[in-house]
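Enquirer:
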Amino acid sequence: ENQLVLRVEDDGIGFDFDTVRSRGTMGVLNILSRVSTLGGEFFSERKLPHGTVALVRVPI
1407 ENQLVLRVED DGIGFDFDTV RSRGTMGVLN ILSRVSTLGG EFFSERKLPH GTVALVRVPI
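Quick note on our numbering: the sequence shown kicks off at 1407 and runs consecutively.
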């Protein structure tokens, strides 16, 4: 497909993206704004017991 996919995965303590987003932190708002401006999508999933996966898809 004509899209760029960026996947970032770590095995740290992880975080709940919805909780962070509801706090309105600048880093999260910046990511969402930039992805939206590019017509893309952002997904995040907490991996239990450790880690987080973040996925960005933008058209190219």
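Ideal Cβ positions, reconstructed from N, Cα and C, are used throughout, including at glycine. Please read these numbers as outputs of a predicted model, since none were measured by experiment.
Flag this pair as touching only if the segment 1455–1463 and the segment 1426–1435 have three or more C-beta atom pairs under 8 Å; answer yes or no.
Expert: Result no; under three Cβ-Cβ pairs closer than 8 Å.
Enquirer: On the DSSP letters alone, give me the boundaries of the alpha helix (DSSP H) that T1458 sits inside.
Expert: That residue, T1458, is in no alpha helix (DSSP H); its beta strand (DSSP E) goes 1458–1465.
Enquirer: Would you mind listing the beta strand (DSSP E) stretches within the segment 1417–1457 that are 3+ residues and don't spill past its ends, in chain order?
Expert: With a minimum length of 3 residues, the continuous beta strand (DSSP E) runs that stay inside the segment 1417–1457 are 1447–1452.
Enquirer: Relative to the C-alpha of E1451, which residue among S1439, L1461, G1418 is closest?
Expert: It is L1461 whose Cα lies nearest to the Cα of E1451.
Enquirer: Could you name the residues of the same chain whose beta carbon sits closer than 7 Å to that of Q1409, not counting the 5 residues immediately before and after it, in chain order?
Expert: These residues qualify, in order along the chain: R1463, V1464, P1465, I1466.
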